[in-house]
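Residue numbers (the working numbering): 4 to 155.
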Amino acid sequence: MHIETIQDIVEWSAAFHRSFRTHLQASVATSQDERAKMLSHYIGDHQLNLAKTIDALTPTESANALGTWCTEYFNEQPLPNTAKINPRWAKLSADEIFSDVNGIYEQLVDLYRYLLSRCAATPASETLQQLIDIHEHQLKLMAHSVNRLQDI
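Shown next, in the form of structure tokens:
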């Protein structure tokens, strides 16, 4: 997807989380670690909920916010890629999977924060702040559940 505007970011974010759900679950499917499989399904459910939440942002945001241009960042920072199954995930423990997921979320939040710093005085700032808040909240929920999974 070619990203040029905040609307493109919102659409890409929702699509990314749907794709990440499929990618993670397919990648972990051959794992021998049952906790890792449980975690991949749990994280997958969060990805689907997150995609639905992000999809709901589009109709509520103004055309001015969604039309703000944001191409500069992508020249230097690649976006997370879930285009193909990664067999490496099947070899990871639940803790290692969550660590990788945490890293992906940090990369996404860094993207949103960078864009927010570049357009703080525009209508897009509220949309970007919502994306940051949504991702940080989901990460906290997942971290809490991962801690509970360790107790099992």
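In this text, a Cβ means the ideal position worked out from N, Cα and C, and glycines have one as well.
Going by other Cβ atoms of all chains shown within 10 Å of its Cβ, with 16 needed for buried, is Ala-39 buried or exposed? Indexing the sequence shown from 1 puts residue 39 at position 36. The residue is buried, with at least 16 neighbouring Cβ atoms inside 10 Å.
Round the Cβ separation of Leu-193 and Gly-47 to the nearest angstrom and send it over; I've been treating them as touching at under 8 Å. Any question about residue 193 goes unanswered here, given that the chain covers just 4 to 155.
Apart from the five residues just before and just after Ser-120, which ones in its own chain have a Cβ nearer than 6 Å to its Cβ? Here residue 120 corresponds to residue number 117 of the sequence shown, with the count starting at 1. None.
Does the structure place the segment 132-143 close enough to the segment 102-115 that three or more beta carbon pairs sit under 8 Å? yes
Please identify the residue among Glu-14, Asp-11, Phe-23, His-5 whose C-alpha is closest to the C-alpha of Tyr-108. Numbered from 1 along the sequence shown, position 105 holds the residue referred to as residue 108. Closest option to Tyr-108, Cα to Cα, is Phe-23.
Which of the three DSSP states is assigned to Tyr-125 in this structure? Walking along the sequence shown from the start, residue 125 turns up at place 122. Before going further, note that residue 125 is Thr rather than Tyr in the sequence given. Correct three-state label for Thr-125: coil.
What first and last residue would you give for the alpha helix (DSSP H) that runs through Ile-88? Within the sequence shown, numbered from 1, the residue matching residue 88 stands at position 85. No alpha helix (DSSP H) contains Ile-88, which DSSP labels as neither H nor E.
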